[in-house]
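In the working numbering, the protein residues as written are -6 to 425. Here a beta-carbon is modelled for each residue, glycine too, at the ideal position from N, C-alpha and C. Everything numeric in this text was worked out from a predicted model, so none of it was measured. Below is one structure, written out as structure tokens, with a few remarks after it.
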Ligand SMILES: *Cc1c(COP(=O)(O)O)cnc(C)c1O
């Protein structure tokens, strides 16, 4: 059945049991797979036939879950990875090597910022960061002759900026390179970047896709539209023979739809082994079955909390693109018409001291280094993840000392607001 709705794909996509087979996806907890002849197995090693031989490269449980995510994004092929960090690294490393360059939005997850600016720099890959709101001229000037990819996040963690996917896709394509979009916070329920011109989508499935705080994981999805061979000189890894597979050329043998993910699994997962375990893929799939139901509630709660905070006298600033006062509201209307996510960030009068008092008095919202969980959680970057920075350094990094990131879970919104309200009352008393 073609053209199913996202809700149906969430519940039933990826795995279709035949007569008498398990209704729930089986966990194929096996490192290896049996063959009758060496010849049969040899064909798999030559990529002449598709099939399973070792779970470091591919596993049927992981593939079924990847197929569901692929269908949700409207892509042509996908693979699961051991984490969101691995997904972003391999999406980039699949086409970038020593001497290459990336154009990236400066408003991205700290882990990805570090990956690109420090670790990939050690591998000889350089980067130019541009503000997601940069001028056309600044964007144009960021490209170099060795640029191989453009990177951004649909909704940035933790800055909550909204990425103008169409604009960055056009710029990337003008320079003959793909746009890679990390769609973790929006999920395909709220935004499908391929529809706006993105070429590769990545996820930290650890967040909303799992949604229950059980499993670290990632995914890479190919939109299947980027014409690697039309820019063959930029992408030798895809467009020239791979000696480790008897000289096959991925872009020729697997076409636009299959080349990127086949190279990523057959070559990079073989060599780096950052695959997801079938057990973790099973947990991820349980999360995906209710993703469409949960996202709606996360967004309702995020909106309600953001509106409450905006009207509260002790709050100086709220970042949430669902608020009409938010600078990203018009981009959100374009890219996220059904809602954005459940993460809200805000600042309190009295900065870091007030933030600490406020958070100490929260009863439902737990202090955690996590977001996008069924349970509401929050973090003050200045006193946790960014603790080593001075208040001045924090200000420069765009993370004011009093900033709190709250990830609204699936609880009743009135209970969340009551919890926030009573904790804010404590701030007033203590600050006086
Ligand atoms: C958490 C996160 C990552 C990293 O994912 P892990 O699964 O923790 O490795 C990457 N991108 C975004 C937007 C994230 O929120």
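What does residue i pair with, by DSSP beta-bridge criteria?
i	result
residue 370	359 and 400
residue 215	70 and 193
residue 172	143
residue 122	97
residue 286	Note: residue 286 sits in no beta bridge, so no partner.
residue 203	None; residue 203 has no bridge partner.
residue 25	47
residue 148	155
Alpha carbon to alpha carbon, what distance is there between residue j and residue i?
i	j	result
residue 160	residue 212	24 Å
residue 187	residue 84	15 Å
residue 335	residue 197	16 Å
residue 110	residue 144	13 Å
residue 412	residue 322	27 Å
residue -4	residue 73	23 Å
residue 281	residue 19	16 Å
residue 275	residue 130	46 Å
residue 233	residue 256	12 Å
residue 135	residue 419	48 Å
residue 108	residue 81	9 Å
residue 355	residue 371	9 Å
residue 424	residue 210	At residue 424, the pLDDT of 49 sits below 50, so the modelled position is not reliable and the matter cannot be decided from this model.
residue 285	residue 239	44 Å
residue 102	residue 12	45 Å
residue 222	residue 283	39 Å
residue 199	residue 409	23 Å
residue 29	residue 277	33 Å
residue 416	residue 358	10 Å
residue 41	residue 241	10 Å
residue 383	residue 375	9 Å
residue 220	residue 90	19 Å
residue 61	residue 133	36 Å
residue 364	residue 303	21 Å
residue 97	residue 86	14 Å
residue 476	residue 4	The requested residue 476 does not occur in the structure, where the chain is confined to residues -6 to 425.
residue 25	residue 273	18 Å
residue 70	residue 319	36 Å
residue 48	residue 146	30 Å
residue 305	residue 10	52 Å
Leaving out five residues on either side along the sequence, give the residues of the same chain with a beta carbon under 7 Å from the beta carbon of residue i.
i	result
residue 53	21 and 45
residue 299	311, 313, 315, 316 and 337
residue 165	143, 171 and 172
residue 92	117 and 139
residue 218	192 and 249
residue 185	66 and 67
residue 34	28 and 46
residue 438	The shown model of the chain, from -6 to 425, leaves out residue 438, and the question about it has no answer.
Between residue i and the rest of its own chain, which residues show a CB-CB distance below 6 Å, the 5 nearest in sequence each way excluded?
i	result
residue 348	341, 373, 395 and 397
residue 368	402
residue 346	none
residue 267	74, 75 and 79
Give the DSSP-derived three-state secondary structure of residue i in the structure shown.
i	result
residue 351	helix
residue 312	strand
residue 435	Because the chain in this structure spans residues -6 to 425, residue 435 falls outside the shown range and cannot be described.
residue 110	helix
residue 337	strand
residue 105	helix
residue 155	strand
residue 383	coil
residue 1	helix
residue 425	Any reading at residue 425 needs caution, since the residue's pLDDT is 46, under 50, leaving its predicted position unreliable; the model's value is listed next. Looking at residue 425 - three-state DSSP - the assignment turns out to be coil, as it is neither helix nor strand.
residue 241	strand
residue 62	helix
residue 235	strand
residue 42	coil
residue 166	helix
residue 420	helix
residue 364	coil
residue 128	coil
residue 89	coil
residue 331	coil
residue 307	coil
Once the 5 residues before and after residue i are set aside, which same chain residues still bring their CB inside 8 Å of it?
i	result
residue 258	50, 51 and 72
residue 183	288, 292, 329, 331, 332, 333 and 334
residue 169	223, 224 and 227
residue -1	65, 181, 182 and 285
Would residue i pass as an interface residue toward chain D - the criterion being a Cβ-Cβ separation below 9 Å?
i	result
residue 316	Among the chains of the structure shown, chain D does not appear; only one protein chain is present.
Under 8 Å from any heavy atom of ligand 3, does the C-beta of residue i make it?
i	result
residue 136	No copy of ligand 3 occurs in the structure displayed; its ligands are ligand 1 alone.
Item to check | Three-pair Cβ contact test at 8 Å for the stretch 64 to 71 versus the stretch 175 to 192 | outcome: With a cut-off of 8 Å, the stretch 175 to 192 and the stretch 64 to 71 count as touching, because enough Cβ pairs lie within range.
Checklist entry - So does the stretch 224 to 232 actually touch the stretch 190 to 206, counting three or more Cβ pairs closer than 8 Å? => result Here the stretch 224 to 232 makes no contact with the stretch 190 to 206; the two share fewer than three CB pairs at distances below 8 Å.
Item to check | Segment contact flag, the stretch 120 to 130 with the stretch 262 to 273, C-beta cutoff 8 Å, min 3 pairs | outcome: Using a C-beta cut-off of 8 Å, the stretch 120 to 130 makes no contact with the stretch 262 to 273, since fewer than three inter-stretch Cβ pairs fall below that distance.
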